[in-house]
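Residue numbers (our numbering): 144 to 707.
Here the structure is laid out as structure tokens; the discussion comes afterwards.
Now the structure itself:
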């Protein structure tokens, strides 16, 4: 089966994959490497080294050729920035929005092929073993190992129309995962609820590993009357080649690397623990959730294939002589804040803001310190500057624009954190001053980008989700059998609730498949303790050990998501 074809050069002179049609992931990775966007790691790499490796390479794709204890290669960060998107589409960054909109409007009917590389290995029933995949702890407080590049495929139980979308999923046992499907507008959740209304579970296929162009196509917002694989064909420029699954009545893209076939156990409801997980915000969004269980009946994959992982959150979640006035403004503001009794750490007058934008890093001690600091910053300088001020907590590097924007995005709430002062002094060079020959004034604005001290806020919701780094294993490790690990792990958890990180640290150096299998043998007797923010595992007669045993529920959704 042919999945590639020749493409014209992109504007930067590097061949883009956009006109190649349906492409294998290995060919895509090679093209990404030729474009200078991929780092290849040849030496054997342990799974506990993957998260630190991703942290160290935030701006390029990473391909690990040898993962210890796994037969798969490991690819991550392969669709992580705008340069990659533009390259994949064969356009400039400024043109990506328009190009995606055009491609999403197209429809090309897909076609079924007899076989595909993802059928090289077919495992059914008791042969299924999710520990074949590189399982690892990504963020420190993650509830367990996650697969994040999960393209979940199902058909609408009422219309039969295909949908696919990316959903995170947490390891449960060798044949089970818990999916996060709490957003009430997401189609796979809606399909699951429709199946439940019929008294059924939802057959699904989970594709792990497809090229960037497939991701761009799969994430387009189209009506629910649209077959997503017809949109995929539009992105290819020809009919998408699909292959039938082994155990469910579904098709998957023929260029998939790994396919998990099974059922979302929607008849049970959304009653299983899932989370926490370091989310795209750079924090642990959602905490411990009630979610749906996925049972895997069949596992197929390409021999020597690539396991793809989606990076999320972590530590990387965005000049004239006249500018001598920048340090001058900084000095004015620093002194003014000190005189006002604010515990100020640093002040920065941003160069592109031409001294009309200033940041301060403070240690708030009183509930009003942040707003008072803004008032001082906007009025204390003899230069009548800045016009825009922002105040940040001590953990934000105000000299790093990415961190500044991150804090603005998630610590600033316009209705409660905006301070506007009308009729202040400013400099006449501001073109907003219409008549500089008469007395003039300007309004000023301050944004409080600090974690609030007043109000019913959970400070753990603002904690950063850091990539897990378990360190090096001990110099000498005595190998343990699965039975020995299970017994030791049982005693360890009985002594006190244990986060997944605690368990991995205790058994660091043991083969990860054995650790995961040992845990899987205990999982059905374990619940989650209320020791937020870690929610350790503990032995209990139900999964949420800190409350009464729940009744079967239809579903549970995150109320922060809009209903469909």
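Glycine included, C-beta positions come from ideal geometry on N, C-alpha and C.
What is the DSSP secondary structure of residue i, counted as helix, strand or coil?
| i | result |
| --- | --- |
| residue 629 | helix |
| residue 341 | coil |
| residue 528 | coil |
| residue 687 | strand |
| residue 590 | strand |
| residue 641 | strand |
| residue 271 | coil |
| residue 155 | Annotation note: pLDDT 38 at residue 155 (below 50); position unreliable, no value reported. |
| residue 496 | helix |
| residue 321 | strand |
| residue 442 | strand |
| residue 415 | strand |
| residue 668 | helix |
| residue 391 | coil |
| residue 373 | helix |
| residue 659 | helix |
| residue 473 | helix |
| residue 329 | coil |
| residue 623 | coil |
| residue 482 | helix |
| residue 335 | helix |
| residue 367 | coil |
| residue 512 | helix |
| residue 356 | helix |
| residue 647 | helix |
| residue 595 | coil |
Using DSSP bridges, identify the partner residues of residue i.
| i | result |
| --- | --- |
| residue 384 | 254 |
| residue 459 | Beta-bridge pairing links residue 459 to no other residue. |
| residue 311 | DSSP lists no partner for residue 311. |
| residue 348 | 296, 404 |
| residue 504 | 489, 535 |
| residue 396 | 385 |
| residue 652 | Answer is none; residue 652 lacks a bridge partner. |
| residue 262 | According to DSSP, which records beta bridges pairwise, residue 262 is partnered with nothing at all. |
| residue 361 | DSSP lists no partner for residue 361. |
| residue 449 | 216 |
| residue 520 | In DSSP, residue 520 forms no bridge with anything. |
| residue 432 | 417 |
| residue 290 | 312 |
| residue 437 | 320, 407 |
| residue 680 | 641, 671 |
| residue 305 | 298 |
| residue 426 | 607 |
| residue 282 | 610 |
Whole-angstrom Cβ separation of residue i and residue j, contact assumed at under 8 Å?
| i | j | result |
| --- | --- | --- |
| residue 386 | residue 259 | 4 Å |
| residue 214 | residue 275 | 7 Å |
| residue 530 | residue 569 | 6 Å |
| residue 676 | residue 419 | 7 Å |
| residue 278 | residue 678 | About 19 Å separates the two Cβ atoms, so there is no contact after all. |
| residue 542 | residue 491 | 6 Å |
| residue 608 | residue 584 | Contact doesn't hold; Cβ gap of about 44 Å is too wide. |
| residue 395 | residue 296 | 6 Å |
| residue 469 | residue 494 | 6 Å |
| residue 539 | residue 514 | About 17 Å separates the two Cβ atoms, so there is no contact after all. |
| residue 628 | residue 657 | 6 Å |
| residue 610 | residue 197 | 6 Å |
| residue 250 | residue 377 | 6 Å |
| residue 360 | residue 336 | Not quite, the Cβ-Cβ distance comes to about 25 Å (not below 8 Å), so this is no contact. |
| residue 239 | residue 222 | That belief does not hold up - the Cβ atoms of residue 239 and residue 222 are roughly 12 Å apart, past 8 Å. |
Touching by the beta-carbon criterion (3+ pairs, under 8 Å), the segment 293-307 and the segment 648-665
no
Between the segment 612-626 and the segment 586-601, are three or more C-beta pairs nearer than 8 Å?
no
Hey, which unbroken runs of the alpha helix (DSSP H) at 4 residues or more fall wholly within the segment 529-587?
Scanning the segment 529-587 for uninterrupted alpha helix (DSSP H) segments of 4 residues or longer gives 544-554, 557-560, listed from N- to C-terminal end.
Meets three-Cβ-pair contact criterion under 8 Å: the segment 199-219 and the segment 440-456:
yes
Length at least 4, wholly inside the segment 214-250: the alpha helix (DSSP H) runs in chain order
Taking only runs of at least 4 residues, the alpha helix (DSSP H) segments lying wholly in the segment 214-250 are 225-232, 239-247.
Unbroken alpha helix (DSSP H) runs of length 4 or more, entirely within the segment 163-214: which are they?
168-177, 193-199
For the pair the segment 368-376 and the segment 431-442, tell me if three or more CB-CB distances fall below 8 Å.
no
Report yes or no: do three or more beta-carbon pairs, one from the segment 320-333 and one from the segment 372-388, lie closer than 8 Å?
no
Tell me whether the segment 282-294 and the segment 405-425 touch, counting them as touching only if at least three CB pairs, one residue from each stretch, are closer than 8 Å.
yes
Under 8 Å: do the segment 337-357 and the segment 396-409 share three or more Cβ pairs, one atom per stretch?
yes
Assess contact between the segment 471-481 and the segment 347-364, defined as three or more Cβ pairs (one per stretch) separated by less than 8 Å. Is contact present?
no
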